[in-house]
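Protein chains: 2
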Amino acid sequence: MFTIKEVQEKFGLPASTLRFYEKEGILPPIGRDSGGRRLYSEPELEWLQLVVALRDTGMTMDHIKNYVELVKQGDETLHQRRQILLEHKQDVERKMNQTLEHLEKINRKMAVYDLLAHGKKDFLI
Amino acid sequence: MFTIKEVQEKFGLPASTLRFYEKEGILPPIGRDSGGRRLYSEPELEWLQLVVALRDTGMTMDHIKNYVELVKQGDETLHQRRQILLEHKQDVERKMNQTLEHLEKINRKMAVYDLLAHGKKDFLI
DNA sequence: TCTCATGTTAAAGTTAACTTTAACGAAATG
DNA sequence: CATTTCGTTAAAGTTAACTTTAACATGAGA
Numbered sequence: 001m002f003t004i005k006e007v008q009e010k011f012g013l014p015a016s017t018l019r020f021y022e023k024e025g026i027l028p029p030i031g032r033d034s035g036g037r038r039l040y041s042e043p044e045l046e047w048l049q050l051v052v053a054l055r056d057t058g059m060t061m062d063h064i065k066n067y068v069e070l071v072k073q074g075d076e077t078l079h080q081r082r083q084i085l086l087e088h089k090q091d092v093e094r095k096m097n098q099t100l101e102h103l104e105k106i107n108r109k110m111a112v113y114d115l116l117a118h119g120k121k122d123f124l125i
Numbered sequence: 001m002f003t004i005k006e007v008q009e010k011f012g013l014p015a016s017t018l019r020f021y022e023k024e025g026i027l028p029p030i031g032r033d034s035g036g037r038r039l040y041s042e043p044e045l046e047w048l049q050l051v052v053a054l055r056d057t058g059m060t061m062d063h064i065k066n067y068v069e070l071v072k073q074g075d076e077t078l079h080q081r082r083q084i085l086l087e088h089k090q091d092v093e094r095k096m097n098q099t100l101e102h103l104e105k106i107n108r109k110m111a112v113y114d115l116l117a118h119g120k121k122d123f124l125i
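Protein chains in written order, with full-length UniProt numbering: chain C, 1 to 125; chain W, 1 to 125.
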C-alpha cells in the first residue's frame with residue numbers, strides 16, 4: 001500500500017494529477033485509510049502504468065476513459081479492448097515512422113549548418 | 001508561387017494556421033499579390049517544412065520561435081542553431097525509446113487478452 | 001498541547017495551439 | 001451586373017490536460 005506521495009515519486013506524476021485522474025474515472029476509486037487518505041495498492045499501480053503508457057504514446061484522456069469503461073464492463077469487452085490496443089499500437093508505429101522522416105529533415109539541416117560553418121558555402125548545390 | 005489554399009492542401013495545414021504562424025513570427029512575412037493576398041514562394045515552403053518537422057517531433061511553438069529569431073540574426077548564430085537542432089534530435093530519440101518501452105507494455109497487455117480469449121485463464125502465472 | 005507536514009474537496013484558473021467569428025474587400029463566374 | 005468564392009484583419013472563443021487555490025482535517029513530532 002502506497003501513499004499518494006509515494007506514488008507521486010514512483011511515477012513522477014504530481015499528486016494533483018493522480019487525484020484528477022481518479023476524479024475523471026481514469027483510475028478506479030482508490031481505497032482510503034481511517035483518515036480518508038488515499039492508499040494505492042498493486043493492481044492500481046499496474047493500472048496506472050498502462051494509463052501512463054497509453055497517455056505517453058499519444059492516446060487522449062477521452063479515449064483512455066472509453067477504454068476504462070470497457071474494462072469496468074468485464075470480460076465481454078476483452079475482444080474490443082484488444083482491438084483498441086492494436087489500433088493504437090499501429091497508430092503509434094505510423095507516428096514513429098513520421099518522426100523518423102522528420103529526424104532525417106533535421107539531420108539534413110544540421111549537415112547544411114556544418115558545411116556553412118566550414119566556409120564551404122560555394123560547394124552547395 | 002502558391003496561394004494559401006494551395007499551401008493548405010500541400011501541407012495539410014488549415015489556412016487559419018498558416019496565418020497564425022505568420023502572425024506569431026513562426027513564418028517570415030509572406031509576400032502579397034496586388035490584392036493583398038498571400039503568395040508563398042519556395043524558400044518559405046522549405047521553411048514551413050522545417051517548422052512542421054520540429055513541431056511534429058514535439059518542439060513547442062515558443063522554442064520554434066526562438067529558433068526563428070536566431071535565423072533572422074544571420075550567420076553568426078549558425079553554431080547555436082546547430083546546437084539547438086542537435087539537442088532537439090537527442091530529445092526526440094530519448095522519447096522514441098520511451099515510446100518503444102511503452103509499446104512493449106501495450107504488447108504484453110494484448111498478449112494477456114489473447115490468453116484470456118482462449119480460455120487459458122488457469123495458465124497465467 | 002501546539003504546530004507543522006500532509007492530506008482532503010470543489011471550484012476556479014492556466015497554458016498551448018490553434019479555431020471561429022465578424023466585418024469587410026477583391027475577383028472570378030454565370 | 002450580380003453573386004458566389006476566396007481572401008483579409010483583429011479579436012474573441014475553444015479544447016485538452018492539467019494546476020492552483022481556499023478552506024478545512026488528520027496525525028506525527030517538539
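Cβ atoms here follow ideal geometry from the backbone N, Cα and C, with glycine treated the same way.
Per DSSP, glutamine 73(C) lies in no alpha helix (DSSP H) and is assigned neither H nor E.
The beta carbons of leucine 70(W) and leucine 48(W) sit no closer together than 8 Å.
If one requires a minimum length of 4 residues, the alpha helix (DSSP H) runs lying completely within the region 29-105 of chain C are 42-56 and 61-72, in chain order. Contact of alanine 53(W) with chain C by beta-carbon distance below 7 Å involves His102, Lys105 and Ile106. Contact residues of the region 52-73 of chain C toward chain W are Ala53, Asp56 and Thr57 (C-beta to C-beta distance below 7 Å). Under the Cβ distance rule, arginine 19(W) does not count among the residues neighbouring chain C, no pair being separated by less than 8 Å. Using a Cβ distance threshold of 8 Å, histidine 79(W) and alanine 15(C) do not count as a contacting pair.
When only Cα atoms are considered, glycine 25(W) and methionine 59(W) end up about 16 Å apart. Going by C-alpha positions, glutamate 44(C) is about 49 Å away from leucine 45(W). Bounds of the alpha helix (DSSP H) holding threonine 17(C) are 15-23. For phenylalanine 11(C), the enclosing alpha helix (DSSP H) starts and ends at 4-11.
Between the region 84-92 of chain W and the region 95-115 of chain C there are three or more C-beta pairs closer than 8 Å, enough to call the two in contact.
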